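Heads up: the structure comes next, in structure tokens.
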Amino acid sequence: MRVLALLDGTIVDPEAPLFRADDLGVMRGDGIFETVLVAGRQPRELGPHLDRLERSARLMQMRLPERAAWERAAQAVIDSWPWDTEPEMALKLVCTRGLDEGDGTPHGFAMGMQIGEDTRRKRRDGVAAVTLERGFAPDLMDRAPWLLLSAKTLSYAVNMAALREAESRGAQEVIFTATDDSVLEGPTSTVVIARGRTLVTTPPSSGILQGTTQGALFRAAEQAGWRTEVSAFPVSALFEADGVWMCSSVRLVTQVHTIDGTAIKADPELHAEISRLYESNY
Ligand code: PLP
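In the UniProt record's numbering, the protein residues as written are 1 to 282.
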């Protein structure tokens with residue numbers, strides 16, 4: 001199931017060709033994107049997602065269609081989605097730098113996609129993760145802005161390769177580590193750990209994406225009296241934590257039950273409490 005809208009709000013055939021072969025997004029992955037969960041017609045954290053899209057465009061030094069165009073396209077998809085049969089969708093907002101040797105006019109679209117059984121299983125049953133090296137130091141981001149470490153670019157081939165590596169090791173998720181053995185993020189998610197009544201996540205200054213789901217979880221947790229901390233922690237902290245989660249817009253707050261083949265603390269009651277906190281935002 002796909003519903004595709006252009007940025008003027010027109011709904012178009014999702015099976016018809018949309019991009020030219022010489023679009024830089026196609027040729028080089030030179031573009032940016034966001035994935036937003038829409039549940040019961042309500043897009044979750046749309047403001048933070050659009051803020052992050054704008055930040056990615058700034059880091060990429062590329063033009064971005066105005067915010068109202070993204071909101072219009074998102075609404076067009078939402079209005080055309082079959083809510084009676086599909087109560088949730090993943091809404092992709094995609095923007096490329098446009099044509100090679102073109103005038104820099106960006107090309108964008110919004111596309112609604114079904115949420116598959118694989119995602120539902122991960123939400124329900126949790127995941128086994130492996131730690132994999134990402135190959136950079138946590139202080140690299142400021143020194144090397146051209147690496148686009150905190151931008152959500154279309155170049156996700158490495159992220160997908162890491163997930164295939166995890167699968168080959170019998171796991172479903174990856175926790176990337178920096179050269180100093182600190183925890184970074186997942187290929188498509190933010191890592192959160194619990195230490196008593198404190199939730200901890202890695203700082204975006206380490207070169208990771210600022211997660212909208214983690215942000216929503218921390219917002220609700222603080223209101224409910226939890227402490228929250230944004231500070232670096234080593235891989236060993238994953239094994240000592242009271243709980244570990246991978247947070248992402250579509251998979252929500254997914255519990256990790258195994259890391260590198262070792263079972264970790266994965267209390268179902270604590271998981272239910274954390275999930276309730278996140279859901280209390282909506
Ligand atoms: N980190 C990376 C690399 C991601 O690709 C994503 C989302 O796809 C996240 C973190 C989680 O972000 P969000 O919670 O906004 O979906």
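We put the beta carbon where it would ideally sit given N, CA and C, even for glycine.
Small disclaimer: the values here were computed from a predicted structure and weren't measured.
message: For the segment 213-223 against the segment 191-200, do three or more pairs of beta-carbon atoms, one drawn from each stretch, fall closer than 8 Å, so that the two count as touching?
response: yes
field: Coarse secondary structure for ALA137, derived from DSSP in three states
entry: Residue numbering aside, residue 137 sits at position 137 when the sequence shown is read from its first letter. Correct three-state label for ALA137: coil.
message: Under 8 Å: does the beta carbon of PRO187 sit that close to some heavy atom of ligand 1?
response: For this step, residue 187 is matched to residue 187 along the sequence shown. At least one heavy atom of ligand 1 is nearer than 8 Å to the Cβ of PRO187, so yes.
query: Under 8 Å from any heavy atom of ligand 1, does the C-beta of ARG52 make it?
result: If you number the sequence shown from 1, residue 52 lands on position 52. The answer is yes for ARG52.
task: Along the beta strand (DSSP E) that carries ALA166, what are the first and last residues, could you check?
output: By 1-based counting over the sequence shown, the position of residue 166 is 166. Here ALA166 belongs to no beta strand (DSSP E); instead the alpha helix (DSSP H) covers 157-168.
- request: Compare the Cα-Cα distances from PRO43 to each of LEU93, LEU7, PRO138 and LEU24 and report the closest residue.
  value: Along the sequence shown, read from residue 1 onward, the residue named residue 43 stands at position 43. Nearest of LEU93, LEU7, PRO138 and LEU24 to PRO43, Cα basis: LEU93.
field: LYS265 beta carbon near ligand 1 (any heavy atom closer than 8 Å)
entry: What you label residue 265 is simply residue 265 of the sequence shown in a count that begins at 1. For ligand 1, not one heavy atom lies less than 8 Å from the Cβ of LYS265.
Pairwise C-alpha distance: HIS49 and GLN61: Taking the sequence shown and counting its residues from 1, one reaches residue 61 at position 61. Taking the sequence shown and counting its residues from 1, one reaches residue 49 at position 49. For GLN61 and HIS49, the distance between alpha carbons rounds to 18 Å.
message: Rounding to the nearest angstrom, what Cα-Cα distance links ARG121 and ASP142 in this structure?
response: Position 121 of the sequence shown holds residue 121. Position 142 of the sequence shown holds residue 142. Computed Cα separation, rounded: 38 Å.
field: Same chain only: Cβ atoms within 8 Å of LEU46, ignoring 5 sequence neighbours per side
entry: Taking the sequence shown and counting its residues from 1, one reaches residue 46 at position 46. Counting only Cβ-Cβ distances below 8 Å, and skipping sequence neighbours, we find VAL36, GLU71 and ALA74.
message: Assuming the contact rule is C-beta atoms closer than 8 Å, ILE193 and VAL244 should be a hit. Round their C-beta distance to whole Å, please.
response: Within the sequence shown, the letter at position 193 stands for residue 193. Within the sequence shown, the letter at position 244 stands for residue 244. The pair is a contact, with the Cβ atoms about 5 Å apart (cut-off 8 Å).
query: Just the Cα atoms here: how many angstroms apart are residue 318 and LEU24?
result: Shown here, the chain extends from 1 to 282; a query on residue 318 therefore has no answer.
- request: Please report the residue range of the beta strand (DSSP E) in which GLY243 lies.
  value: Within the sequence shown, the letter at position 243 stands for residue 243. Its beta strand (DSSP E) spans residues 243-248.
query: In three-state terms, what does DSSP make of THR254?
result: Locating residue 254 in the sequence shown gives position 254, counting from the first residue. Note: THR254 maps to strand in three-state DSSP.
message: Rounded to whole angstroms, what is the Cα-Cα separation between ARG195 and ASP100?
response: Along the sequence shown, read from residue 1 onward, the residue named residue 195 stands at position 195. Along the sequence shown, read from residue 1 onward, the residue named residue 100 stands at position 100. Going from the Cα of ARG195 to the Cα of ASP100 covers about 49 Å.
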